[in-house]
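Q: Pasting a structure below so you can have a look.
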Amino acid sequence: MMMRKAEELELPRGPSMHAHGSSEAMPLGRLPPLNALRCFEVAARHGSFTRAAGELFVTPAAVGQQVRQLEAILGHALFRRKNRRLVPTAIGLALLPGIHEGFAQLAQAVGLAQARCGEPDLAVGTAADNAENP
Numbered sequence: 034m035m036m037r038k039a040e041e042l043e044l045p046r047g048p049s050m051h052a053h054g055s056s057e058a059m060p061l062g063r064l065p066p067l068n069a070l071r072c073f074e075v076a077a078r079h080g081s082f083t084r085a086a087g088e089l090f091v092t093p094a095a096v097g098q099q100v101r102q103l104e105a106i107l108g109h110a111l112f113r114r115k116n117r118r119l120v121p122t123a124i125g126l127a128l129l130p131g132i133h134e135g136f137a138q139l140a141q142a143v144g145l146a147q148a149r150c151g152e153p154d155l156a157v158g159t160a161a162d163n164a165e166n167p
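Structure (structure tokens):
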């Protein structure tokens, strides 16, 4: 099997359109910063920069700055304010399932790696080692 560079790999396409208006996946090397994606996902889930900041242990201004950075990269607003609550725009709603699933997969991979940390490492010996320790 031939391996490709990470920049050439593409994310799986979901049923929704990507923010830039096409159905093509963005190369991994061109993804927005993970902090910006995480702040967007948490803010959308809570409907508030303040509550998102509490979960992420940062200030509400930091969450807002990360979301603005993501909006600048994508070229679209991701939230609108309605009655002191953040409401995702159509583009934001289209992004949420894929971003949420991506972070869930990352959490699962890290959990599997941590579970394996408790397993013993493979020990490789030679015949000479066995002769010295009968």
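Quick note: the sequence shown uses the working numbering, first residue 34, plus one each step. For glycine and all other residues, C-beta sits at the position ideal for the given N, C-alpha and C.
(1) Would residue 71 be called buried (16 or more neighbouring beta carbons within 10 Å of its own) or exposed?
(2) What does a CB cutoff of less than 6 Å around residue 102 pick up in its chain, not counting 5 residues either side in sequence?
(3) Considering only their Cβ atoms, is the gap separating residue 132 from residue 109 smaller than 7 Å?
(4) How far does the beta strand (DSSP E) with residue 112 in it extend, from its first residue to its last?
(5) Out of curiosity, what's the CA-to-CA distance linking residue 129 and residue 85?
(6) Kindly indicate which three-state DSSP category residue 130 falls into: helix, strand or coil?
(7) Taking the Cβ atom as the reference point for each residue, do residue 112 and residue 96 lie within a distance shorter than 7 Å?
(8) For the beta strand (DSSP E) holding residue 71, just list the boundary residues, first then last.
(9) Quick check: the Cα distance between residue 146 and residue 139, rounded to an integer number of angstroms?
(10) Residue 100 to residue 73, Cα distance in whole Å?
(11) Just the C-alpha distance for residue 142 and residue 64, rounded to the nearest angstrom, thanks.
(12) Helix, strand or coil, according to DSSP, for residue 120 in the structure here?
A: So, from the listed chains and residues:
(1) Numbered from its first residue, the sequence shown carries residue 71 at position 38. Its Cβ being crowded by 16 or more others within 10 Å, residue 71 is buried.
(2) The residue given as residue 102 occupies position 69 in the sequence shown. A distance below 6 Å between beta-carbons, with the five flanking residues on each side excluded, links residue 102 to the following residues of its chain, in chain order: 69.
(3) Here the question's residue 109 lines up with position 76 in the sequence shown. Here the question's residue 132 lines up with position 99 in the sequence shown. Judged by their CB atoms, residue 109 and residue 132 are not nearer to each other than the 7 Å cut-off.
(4) Numbered from its first residue, the sequence shown carries residue 112 at position 79. Here the beta strand (DSSP E) through residue 112 covers 112-115.
(5) Locating residue 129 in the sequence shown gives position 96, counting from the first residue. Locating residue 85 in the sequence shown gives position 52, counting from the first residue. One Cα belongs to residue 129, the other to residue 85, and the distance between them is close to 15 Å.
(6) Here residue 130 refers to the residue found at position 97 of the sequence shown. Under the three-state reduction of DSSP output, residue 130 falls in the helix class.
(7) Within the sequence shown, residue 112 is the residue found at index 79, counting from 1. Within the sequence shown, residue 96 is the residue found at index 63, counting from 1. At the C-beta level, residue 112 and residue 96 stay beyond 7 Å of one another.
(8) If you number the sequence shown from 1, residue 71 lands on position 38. No beta strand (DSSP E) contains residue 71, which is instead part of the alpha helix (DSSP H) from 67-79.
(9) Residue numbering aside, residue 146 sits at position 113 when the sequence shown is read from its first letter. Residue numbering aside, residue 139 sits at position 106 when the sequence shown is read from its first letter. So the two alpha carbons sit approximately 11 Å from each other.
(10) Counting from 1 along the sequence shown, the entry for residue 100 is found at position 67. Counting from 1 along the sequence shown, the entry for residue 73 is found at position 40. Cα-Cα distance, rounded: 6 Å.
(11) The residue labelled residue 142 in the question sits at position 109 within the sequence shown. The residue labelled residue 64 in the question sits at position 31 within the sequence shown. Each residue's Cα considered, the two are about 19 Å apart.
(12) Start at 1 with the first residue of the sequence shown, and residue 120 comes out as number 87. Strand, per DSSP.
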